[in-house]
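Engineer: My structure is below; once you've seen it, I'll send some questions.
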Amino acid sequence: MSVLDSITKKVTDTAKAAAKISGSVVEITKLNMSINAEEEKVRKLYMEIGKQVYEDYIDGKPLDEELMRKCIKIDEIFDNINEMKEKILELKNVKACPNCGTILAIDMEYCHKCGRKQDDDTVDAEGEKDE
Ligand SMILES: [Zn+2]
418 MSVLDSITKK VTDTAKAAAK ISGSVVEITK LNMSINAEEE KVRKLYMEIG KQVYEDYIDG
478 KPLDEELMRK CIKIDEIFDN INEMKEKILE LKNVKACPNC GTILAIDMEY CHKCGRKQDD
538 DTVDAEGEKD E
């Protein structure tokens, strides 16, 4: 083997080794991505299980005490969220239709979507209702 051949072989070997390493890096990255995707599926299923438990709680089905406590916590969080949403609406000077949830200007008398009269804060003196 000539010196040149020897050098050529070395270069080729190094290139091959590098290719092998970058090949396994790619493979590791792919595997990690697959693991993440699988873990995401598990998280989704966990969430669905949790949602199912919460729906059972809403339906009044008997639950484990610990699960019950967590469902009550969820209720409290929903209350919090609703309060904050209402605050945002106030700040935007709008309101949500109590019937369909459509966002309306604060002075709208009727919902333009479902037609519901907006009589929450000010009671109509005439007491008319068209429902
Ligand atoms: Zn409405």
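Residue numbers (the working numbering): 418 to 548. Positions of the beta carbon are idealized from the N, C-alpha and C atoms, including for glycine.
Answer yes or no: does any C-beta atom of chain B fall closer than 8 Å to that of Tyr474?
Structural biologist: Looking for chain B here will not work: only one protein chain is present.
Engineer: Residues in the same chain with beta-carbon distance under 8 Å from Cys517, minus the five sequence neighbours each way, listed in chain order, please.
Structural biologist: The answer, listed in chain order, is Cys528, Lys530, Cys531 and Arg533.
Engineer: Going by beta carbon distance, what residues of the same chain come within less than 6 Å of Ile445, once the five residues before and after it are set aside?
Structural biologist: Taken in chain order, the list of residues that qualify is empty.
Engineer: Can you name, in chain order, every residue of its own chain whose Cβ lies under 8 Å from the Cβ of Leu480, other than the five neighbours on each side?
Structural biologist: Counting only Cβ-Cβ distances below 8 Å, and skipping sequence neighbours, we find Val470, Asp473, Tyr474 and Cys488.
Engineer: Can you name, in chain order, every residue of its own chain whose Cβ lies under 6 Å from the Cβ of Lys433, other than the five neighbours on each side?
Structural biologist: Within the same chain, Lys433 has no close Cβ partners at all.
Engineer: So if DSSP puts Val415 in a beta bridge, which residue, or which two residues, is it bridged to?
Structural biologist: Any property of residue 415 remains undetermined from this structure, which presents the chain solely from 418 to 548.
Engineer: Taking its Cβ as the centre, do 16 or more other Cβ atoms sit within 10 Å of Leu521, making it buried, or is it exposed?
Structural biologist: Label assigned to Leu521: buried.
Engineer: Identify whether Lys487 lies in helix, strand or coil by the three-state DSSP scheme.
Structural biologist: Note: Lys487 maps to helix in three-state DSSP.
Engineer: So if I measure from each beta-carbon to every heavy atom of ligand 1 and keep distances below 5 Å, which residues remain?
Structural biologist: Qualifying residues come out as Cys514, Asn516, Cys517, Thr519, Cys528, Lys530, Cys531 and Arg533.
Engineer: For Lys468, does the count of other Cβ atoms within 10 angstroms reach 16, so buried, or fall short, so exposed?
Structural biologist: With fewer than 16 Cβ atoms within 10 Å of its Cβ, Lys468 is classed as exposed.
Engineer: Using the C-alpha atoms, what's the distance from Phe495 back to Lys504?
Structural biologist: Between Lys504 and Phe495, the C-alpha separation is close to 14 Å.
Engineer: According to DSSP, is Lys534 part of a helix, a strand, or is it coil?
Structural biologist: Reduced to three states, the DSSP call for Lys534 is strand.
Engineer: Can you give the Cα-Cα distance for Asn510 and Lys447, rounded to whole angstroms?
Structural biologist: Going by the C-alpha atoms only, they are around 50 Å apart.
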